[in-house]
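Residue numbers (my numbering), protein chains in the order written: chain A, 38 to 221; chain B, 38 to 221. Below is one structure, written out as structure tokens; the observations come after it.
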DNA sequence: CCGTCATGGAACACGTATGTTCCACTACGA
DNA sequence: TCGTAGTGGAACATACGTGTTCCATGACGG
């Protein structure tokens, strides 16, 4: 498969990036808005993605790739379950507006199904090695992870004075506390 | 000001209730859908709320009232700051789909501004009495409260087997752990 | 210099949500 | 029995998003 002319790839990527940013803020935003944000004509957008559903599918695929990439960077096999989860949290935090987009997708549709199994395994490991409270069901831990991640992202968006490092520190502290077993 | 005939009040309330339920699931849902859910004609809906914005304003007002009512029931002046916050959490949890609606409203627009001050005072009290980690900024505590509340609501919606009591127990446990100061 | 490639704009048809008007039906009290 | 309040349905005009077609422009390599 030939690499369809570097120009087309860049245009396509610009559209997808713009779509992620705008859809995160308003899942019902118009294609015209997305095209404008990507600095291309609406005609061009339709040339790459015939229907809205096609664009959404491409955004979904891009999101899935970024999630997998983040999970790889987090090196989930290393350390205790809780440590791995917190590392993953830091990687996910850098996904930016993609977080809002997935949260708007109501908890899980396509992307999560990919590595959700992997995450649940990490959580189980944490419950076994004593770094995560076994009284917490794995999917509740997952819900907790996503909700605090989203809260941290929104917190950072509202208070520009808060540095990335500071917010990440708050997130790490509260999440690890929430998951810690009572005996520890 | 006369009480405009009990019938009109009941119709109006039915429309607002239906609007809260549907808008929580889809903020862009049509007025026709809301009218159908309220079991009234679209004409009637327009008779009570001339424009969509009018209905949204009424929903906003209703949400604000319910929040205030919940805060009153929580008796925020009693006990430590953390205890009061957890009581409030339980009251808020029963607001149901209103939680999703306010979360869709992106963290805070009108309703929160009402009692946000009161909540921040409770959080400050908790920081002072040692029941809340003083290292956590009050508005981060607030963000944490809302995000875990939303997570709990979604968790309950997805897993019908989880009883209200069980979910509320998980929420209380993780939230109080997240807020607990390290020394304790 | 010419051809193609990628693009952007204009215009159109179509569907849907919205807001309005008009008329008919039902319940209820005087 | 009559008049009124509350309602619902049908129809209409309007606005907006969508998907398509057609044509013009600028860039780039032969």
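Where is the CB? At the ideal position from N, CA and C, for every residue including glycine.
> Is it right to say residue 29 of chain A is buried, meaning 16 or more other beta carbons lie within 10 angstroms of its own, or is it exposed?
Replying inline: Missing from the structure shown is residue 29 of chain A; chain A here goes from 38 to 221 and no further.
>> Just verifying my parser: in three-state terms, what is the DSSP assignment at residue 27 of chain B?
In response: Chain B is shown from 38 up to 221; residue 27 of chain B falls before or after that span and cannot be answered.
> With DSSP run on the structure shown, which of helix, strand or coil describes residue 191 of chain B?
Replying inline: The residue given as residue 191 of chain B occupies position 154 in the second chain. Here residue 191 of chain B sits in helix by DSSP.
> So what's residue 180 of chain B in DSSP terms, helix, strand or just coil?
Replying inline: Position 143 of the second chain holds residue 180 of chain B. Residue 180 of chain B: helix per DSSP, three-state reduction.
> Taking one C-beta from the segment 198 to 212 of chain B and one from the segment 153 to 162 of chain B each time, how about it: are there three or more such pairs within less than 8 Å?
Replying inline: no
>> Check this for me: beta carbons of residue 8 of chain A and residue 180 of chain B, under 8 Å apart or not?
In response: Since the first residue of chain A shown is 38 and the last is 221, residue 8 of chain A is not available in this structure.
> If residue 71 of chain A and residue 90 of chain A are in contact, beta carbons under 8 Å, what's the gap, nearest whole angstrom?
Replying inline: Stepping through the first chain from its first residue, residue 71 of chain A is reached at position 34. Stepping through the first chain from its first residue, residue 90 of chain A is reached at position 53. In fact, because the Cβ distance is near 14 Å, the residues do not count as touching under 8 Å.
>> Distance cutoff 8 Å, beta carbons only. Does residue 215 of chain B sit that close to anything in chain A?
In response: Counting from one through the second chain, the residue named residue 215 of chain B turns up at place 178. Yes, residue 215 of chain B lies at the interface with chain A (some Cβ there is under 8 Å from its Cβ).
> Does residue 209 of chain B get closer than 8 Å to chain A when you measure Cβ to Cβ?
Replying inline: Locating residue 209 of chain B in the second chain gives position 172, where the first residue counts as 1. For residue 209 of chain B, the answer is no, since every Cβ of chain A falls outside 8 Å of its Cβ.
> Quick one: is residue 107 of chain A buried, meaning 16 or more other Cβ sit within 10 Å of its Cβ, or exposed?
Replying inline: Taking the first residue of the first chain as 1, we reach residue 107 of chain A at position 70. Label assigned to residue 107 of chain A: buried.
> Among residues of its own chain, excluding the 5 on either side of residue 128 of chain B, which ones have a beta-carbon nearer than 8 Å to its beta-carbon?
Replying inline: As a first step, residue 128 of chain B is located in the second chain; it is residue number 91 there, counting from the start. Counting only Cβ-Cβ distances below 8 Å, and skipping sequence neighbours, we find 107, 108, 110 and 111.
> Since residue 225 of chain B contacts residue 190 of chain B with CB under 8 Å, what's their CB separation in whole angstroms?
Replying inline: What is shown of chain B runs 38 to 221, which leaves residue 225 of chain B out entirely.
>> Could you give the first and the last residue of the continuous alpha helix (DSSP H) run that contains residue 102 of chain B?
In response: For the purposes of this step, residue 102 of chain B is taken as the residue at position 65 of the second chain. Run containing residue 102 of chain B: 89 to 111, per the alpha helix (DSSP H) assignment.
>> Quick check on residue 86 of chain B: does DSSP put it in helix, strand or coil?
In response: Residue numbering aside, residue 86 of chain B sits at position 49 when the second chain is read from its first letter. Residue state, collapsed to three classes: coil.
>> Would residue 81 of chain B and residue 48 of chain B be called neighbours here (beta carbons separated by less than 8 Å)?
In response: Along the second chain, read from residue 1 onward, the residue named residue 81 of chain B stands at position 44. Along the second chain, read from residue 1 onward, the residue named residue 48 of chain B stands at position 11. Yes; because the gap between Cβ atoms is below 8 Å, this pair is in contact.
> How would you list, in chain order, the residues of chain A whose beta-carbon sits under 7 Å from the beta-carbon of residue 120 of chain B?
Replying inline: Indexing the second chain from 1 puts residue 120 of chain B at position 83. Correct list: empty, because the minimum Cβ distance to chain A is about 17 Å.
>> Any C-beta of chain A within less than 9 Å: which residues of the segment 71 to 105 of chain B qualify?
In response: none
> Hey, residue 53 of chain A and residue 134 of chain A: beta-carbon distance below 8 Å or not?
Replying inline: As a working note, residue 53 of chain A is residue 16 in the first chain. As a working note, residue 134 of chain A is residue 97 in the first chain. No, the pair does not count as a contact, with Cβ atoms beyond the cut-off.
> Should residue 100 of chain A go down as buried or exposed, given a rule of 16 or more other Cβ atoms within 10 Å for buried?
Replying inline: Within the first chain, the letter at position 63 stands for residue 100 of chain A. Buried, since its Cβ has 16 or more Cβ neighbours within 10 Å.
> Would DSSP call residue 170 of chain B helix, strand or coil?
Replying inline: Your numbering for residue 170 of chain B matches position 133 in the second chain. Residue 170 of chain B falls in the coil class under three-state DSSP.
> Is the distance from the Cβ of residue 208 of chain B to the Cβ of residue 160 of chain B below 8 Å?
Replying inline: Position 171 of the second chain, counted from the start, is the residue given in the question as residue 208 of chain B. Position 123 of the second chain, counted from the start, is the residue given in the question as residue 160 of chain B. Not a contact, by the Cβ cut-off of 8 Å.
> Which residue from B:60, B:50, B:46 and B:51 puts its Cα closest to that of residue 140 of chain B?
Replying inline: Taking the first residue of the second chain as position 1, residue 140 of chain B is located at position 103. Comparing Cα-Cα distances from residue 140 of chain B to each of B:60, B:50, B:46 and B:51, the minimum goes to B:60.
> In chain order, what residues of the same chain lie with their CB nearer than 6 Å to the CB of residue 212 of chain A, ignoring the 5 residues before and after it?
Replying inline: Counting from 1 along the first chain, the entry for residue 212 of chain A is found at position 175. Closer than 6 Å at Cβ, skipping near neighbours: 185.
> So, is the C-beta of residue 187 of chain B closer than 8 Å to a C-beta in chain A?
Replying inline: Here residue 187 of chain B refers to the residue found at position 150 when the second chain is read from its first residue. For residue 187 of chain B, the answer is yes, since a Cβ of chain A falls inside 8 Å of its Cβ.
>> I need the DSSP call for residue 63 of chain B, collapsed to helix, strand or coil.
In response: Numbered from 1 along the second chain, position 26 holds the residue referred to as residue 63 of chain B. Note: residue 63 of chain B maps to coil in three-state DSSP.
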